[in-house]
Amino acid sequence: MRDQYIEMGYRIKTRRKELKIKQGELAELLDISNNHMSSIENGRQKPSMDTFLLICEALKVTPDALLLGNMHANNIPQDIIDKLHLCSQEDIELAKDFIELLVNRNQTVWNQKHFI
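The opening position of the sequence shown corresponds to residue 0 in numbering that gives the first Met the number 0, with each subsequent residue numbered one higher.
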């Protein structure tokens, strides 16, 4: 379980840096200490639910992106999975790139609806 908090903290730190927000600035936005923010980013402490939601809002990202690393869909039709097994590795990489484009587009739309 601890590894999951380390990974989540890494994703928080990475997203914060993408947005060019300093750790102290984020901590101030969240009304927490810089030490607590550092502990969250390093996986030493778990954020409360309220703090986690504020982190998502401040970083303009969905909770699943921080928790899981991406937006997962558990309802992928089996026929799509079966067809991917028939593809070459090159085709799978192409499909992965295409899906990444769709995720980014949908995440942008989601963020615009919820944060902008």
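The beta carbon of each residue, even a glycine, is placed where N, CA and C say it ideally should be.
From the options, residue whose alpha carbon lies closest to that of residue i
i    : options               : result
T13  : R43, H35, S38 and L65 : L65
I28  : T50, M7, N41 and L93  : The sequence given here has Leu at residue 28, not Ile. Here the closest residue by C-alpha is T50.
P62  : R10, R1, I5 and V108  : R10
N103 : K16, M36, G68 and G23 : G68
Outcome for residue i when other beta-carbon atoms lying within 10 angstroms are tallied against a minimum of 16
i    : result
L101 : exposed
V60  : buried
L85  : exposed
P46  : buried
R15  : buried
Residue i vs residue j beta-carbon contact at 9 Å
i   : j   : result
E40 : G8  : yes
L58 : L18 : yes
Q44 : N33 : no
Quiz item: In chain order, which alpha helix (DSSP H) runs of at least 4 residues are fully inside the segment 15-78?
Solution: Secondary structure remark: continuous alpha helix (DSSP H) runs of at least 4 residues inside the segment 15-78, in chain order: 22-29, 33-40, 48-58 and 62-67.
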